[in-house]
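Peer 1: Residue numbers (the numbering used here), protein chains in the order written: chain C, 5 to 226; chain W, 5 to 226. Idealized CB from N, CA, C, for every residue including glycine. Please read through the structure below; I'll follow up with questions.
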């Protein structure tokens with residue numbers, strides 16, 4: 005059976021989980037406590053980071069970039085990265101937007117301040133940093149609203165890895181109660197569509213010890 | 005003519021410049037002072053970041069991920085991303101290693117402390133941060149030495165975008181005199197091979213006002 009080593013609140017692991025479900029590829033989830041730096045796990049991925057996927061053919065893939073592109077190359081059913089070269093360029097531009105820009109400006113800091121500090125007993129969250137993230141997230145929600153005012157989905161008229169990447173990051177922050185949905189109703193509409201997809205449901209039932217999501221977290225009509 | 009909007013000390017722009025040269029694709033370099041946040045540039049890339057490539061067919065590509073994958077899809081001569089699915093997975097794992105892990109642990113902080121602060125008149129470099137980067141860079145050089153002790157190039161027996169990504173980051177730090185080459189002679193040998201490639205030469209003759217590279221910077225026998 006295909007295995008995915010993951011942590012519950014990693015946006016990059018969530019991205020791969022959604023993509024696998026969308027492609028109807030069964031897999032077993034393996035919790036990997038990366039902070040314990042297990043030797044056996046470093047043998048799978050010398051970077052010591054999740055996600056890592058071990059496919060049925062034994063191939064080991066590390067990082068959501070390699071896994072995501074691999075899934076599209078190896079399993080052509082339910083394509084999620086566009087058909088034309090131009091579509092793929094736009095999808096990858098937006099994947100980069102969320103996996104790099106959004107992560108650096110928002111999700112990385114919020115995860116560090118709210119989750120990592122608590123797990124590692126590493127002091128209180130820095131409220132200045134959290135306030136700055138809040139400003140940035142509004143601007144990213146505006147961008148999602150802008151894109152979906154012109155298109156059905158983020159990268160065009162079709163659902164793609166761009167939507168998956170964006171929703172993966174937002175789902176983690178939503179779990180922590182940090183997405184000001186009322187700021188951008190159109191972005192909220194897009195996210196409601198994401199939440200109602202079967203591929204998204206397992207994420208919505210995830211619960212992490214010590215962190216309780218807001219009541220609307222798993223409600224598609226939030 | 006194909007255009008590449010860039011800044012001289014961006015590892016991501018350097019990565020695309022080397023890849024274009026390796027693929028024998030002519031292009032015109034356009035300096036983009038991203039810190040001025042030019043409106044016209046935001047129209048090309050709403051993220052306001054380099055690299056941006058405008059191809060001969062008019063297609064606009066933003067970010068080294070989208071550009072790099074596009075170049076391999078659109079121009080099949082001189083392939084740099086592997087032939088088999090397994091080769092590509094390994095190349096992308098290593099691209100991610102340098103573009104994300106190495107960037108976050110080393111090049112981003114050094115660029116901020118040494119270049120951005122000076123350009124923006126934003127105080128003195130933080131010596132604690134620079135010391136930490138120095139520790140991290142040694143560990144990455146060890147990893148390059150480890151890989152090249154088993155393989156001809158980073159991802160296998162062939163030259164690939166993995167080598168290009170790693171060398172792009174290191175070339176920027178080398179310009180700033182921040183690579184302790186003597187720490188890992190085997191990594192230095194690999195980099196000497198990179199420096200002697202025609203695709204690398206334009207980078208070695210780059211000079212940025214206010215920043216003088218060490219004398220060995222452009223010498224392949226350093």
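Hey, is residue 66 of chain C's beta-carbon within less than 7 angstroms of any beta-carbon in chain W?
Peer 2: Yes, residue 66 of chain C counts as interfacial toward chain W.
Peer 1: Between the Cα of residue 64 of chain C and those of C:219, C:5, C:23, spot the shortest distance and give me the residue it belongs to.
Peer 2: Of C:219, C:5, C:23, the residue nearest in Cα terms is C:5.
Peer 1: When DSSP labels each residue in this structure, what does residue 82 of chain W get in the three-state scheme?
Peer 2: Of the three classes helix, strand and coil, the one that applies to residue 82 of chain W here is coil, per DSSP.
Peer 1: Ends of the beta strand (DSSP E) at residue 115 of chain C?
Peer 2: Taken as a continuous stretch (DSSP letters only), residue 115 of chain C belongs to no beta strand (DSSP E), as it is neither H nor E.
Peer 1: If we require 4 or more residues per run, which alpha helix (DSSP H) segments fall completely within the region 41-111 of chain W?
Peer 2: Runs of the alpha helix (DSSP H) inside the region 41-111 of chain W: 43-48, 68-78, 89-100.
Peer 1: Quick one: residues in its chain with C-beta nearer than 7 angstroms to the C-beta of residue 95 of chain W, no 5 flanking neighbours on either side, listed in chain order?
Peer 2: Within the same chain, residue 95 of chain W has close Cβ partners 85, 86, 159, 164, 165, 166.
Peer 1: Looking at residue 103 of chain C and residue 117 of chain C, is the spacing between their C-beta atoms short of 7 angstroms?
Peer 2: No.
Peer 1: Do the CB positions of residue 211 of chain W and residue 149 of chain W come within less than 7 angstroms of each other?
Peer 2: The answer is no: Cβ separation not under 7 angstroms.
Peer 1: When you compare the CB positions of residue 97 of chain W and residue 67 of chain C, do they come within less than 7 angstroms of one another, or not?
Peer 2: Against a cut-off of 7 angstroms, the Cβ pair of residue 67 of chain C and residue 97 of chain W comes out as a contact.
Peer 1: Within the 7 angstroms Cβ cut-off, does residue 89 of chain C reach chain W?
Peer 2: Taking Cβ atoms only, chain W reaches closer than 7 angstroms to residue 89 of chain C, which makes this a yes.
Peer 1: Any idea what DSSP makes of residue 187 of chain W, helix, strand or coil?
Peer 2: If DSSP states are grouped into helix, strand and coil, residue 187 of chain W belongs with the helices.
Peer 1: Using only CA atoms, which one of C:173, C:123, C:193 lies nearest to residue 155 of chain C?
Peer 2: Of C:173, C:123, C:193, the residue nearest in Cα terms is C:193.
Peer 1: Taking a cut of 9 angstroms between CB atoms, which residues from the region 156-167 of chain W lie near chain C?
Peer 2: Going along the region 156-167 of chain W in chain order, one finds no residue with a Cβ nearer than 9 angstroms to chain C.
Peer 1: Answer with yes or no whether the minimum CB distance from residue 74 of chain W to chain C is below 7 angstroms.
Peer 2: Yes, residue 74 of chain W lies at the interface with chain C (some Cβ there is under 7 angstroms from its Cβ).
Peer 1: Pull up the distance between the alpha-carbon of residue 217 of chain C and that of residue 53 of chain W, whole angstroms please.
Peer 2: If I take the Cα positions, the gap works out to 34 angstroms.
Peer 1: List the endpoints of the continuous alpha helix (DSSP H) containing residue 177 of chain W.
Peer 2: Segment 165-179, the alpha helix (DSSP H) holding residue 177 of chain W.
Peer 1: Which class does residue 222 of chain C belong to by DSSP, given the choice of helix, strand or coil?
Peer 2: Correct three-state label for residue 222 of chain C: helix.
Peer 1: How far does the alpha helix (DSSP H) with residue 24 of chain W in it reach, from first residue to last?
Peer 2: 15-26 is the extent of the alpha helix (DSSP H) around residue 24 of chain W.
Peer 1: How many angstroms separate the CA atom of residue 76 of chain W from the CA atom of residue 24 of chain W?
Peer 2: Whole-angstrom Cα-Cα distance: 10 angstroms.
Peer 1: Who are the near neighbours of residue 208 of chain W in its chain, counting only those whose CB is closer than 6 angstroms to its CB and skipping five residues on each side?
Peer 2: Counting only Cβ-Cβ distances below 6 angstroms, and skipping sequence neighbours, we find 222.
Peer 1: Does any residue of chain C have a CB that is nearer than 7 angstroms to the CB of residue 69 of chain W?
Peer 2: Output row for residue 69 of chain W: interface = yes.
Peer 1: Distance cutoff 7 angstroms, beta carbons only. Does residue 77 of chain C sit that close to anything in chain D?
Peer 2: No chain D is part of this structure, whose protein chains are labelled C and W.
Peer 1: Measure from the C-beta of residue 3 of chain C to each C-beta in chain W and report whether the shortest distance is under 7 angstroms.
Peer 2: Residue coverage of chain C in this structure runs from 5 to 226, which leaves residue 3 of chain C outside it and unanswerable.
Peer 1: Rounded to the nearest angstrom, what separates residue 200 of chain W and residue 107 of chain W at their Cα positions?
Peer 2: Approximately 24 angstroms between the Cα atoms of the pair.
Peer 1: Among C:90, C:61, C:93, whose alpha-carbon lies nearest the alpha-carbon of residue 79 of chain C?
Peer 2: Ranking the options by Cα distance to residue 79 of chain C, first place goes to C:61.
Peer 1: Just verifying my parser: in three-state terms, what is the DSSP assignment at residue 182 of chain C?
Peer 2: Three-state result, residue 182 of chain C: coil.
Peer 1: Taking only the alpha-carbon atoms, compute the straight-line gap between residue 21 of chain C and residue 71 of chain W and give it to the nearest angstrom.
Peer 2: Going by the C-alpha atoms only, they are around 26 angstroms apart.
Peer 1: Which value, in whole angstroms, describes the spacing of the CA atoms of residue 145 of chain W and residue 132 of chain W?
Peer 2: So the two alpha carbons sit approximately 20 angstroms from each other.
Peer 1: Thinking C-alpha only, which one of W:29, W:187, W:127 is nearest residue 147 of chain W?
Peer 2: Answer by Cα proximity: W:187.
Peer 1: Give the single residue among W:8, W:10, W:14 whose Cα lies nearest to the Cα of residue 174 of chain W.
Peer 2: Of W:8, W:10, W:14, the residue nearest in Cα terms is W:14.
Peer 1: Sorted by chain position, which residues of the same chain lie with C-beta nearer than 6 angstroms to residue 74 of chain W's C-beta, five sequence neighbours on each side aside?
Peer 2: Counting only Cβ-Cβ distances below 6 angstroms, and skipping sequence neighbours, we find 65.
Peer 1: So what's residue 215 of chain C in DSSP terms, helix, strand or just coil?
Peer 2: DSSP places residue 215 of chain C in strand when its eight states are reduced to three.
Peer 1: Could you compute how far the alpha carbon of residue 172 of chain C sits from the alpha carbon of residue 204 of chain C?
Peer 2: Roughly 9 angstroms between the two C-alpha positions.
Peer 1: For a contact meaning CB atoms closer than 8 angstroms, what does residue 7 of chain W contact in chain C?
Peer 2: Under the 8 angstroms cutoff, chain C gives no residues; its nearest Cβ is about 15 angstroms from residue 7 of chain W.
Peer 1: Looking only at DSSP bridge pairs, what is residue 34 of chain W linked to?
Peer 2: BP columns for residue 34 of chain W point to W:9.
Peer 1: Note down, in chain order, every chain C residue with its Cβ under 8 angstroms from the Cβ of residue 43 of chain W.
Peer 2: Within chain C, no residue comes near residue 43 of chain W; the closest Cβ sits about 16 angstroms away, beyond 8 angstroms.
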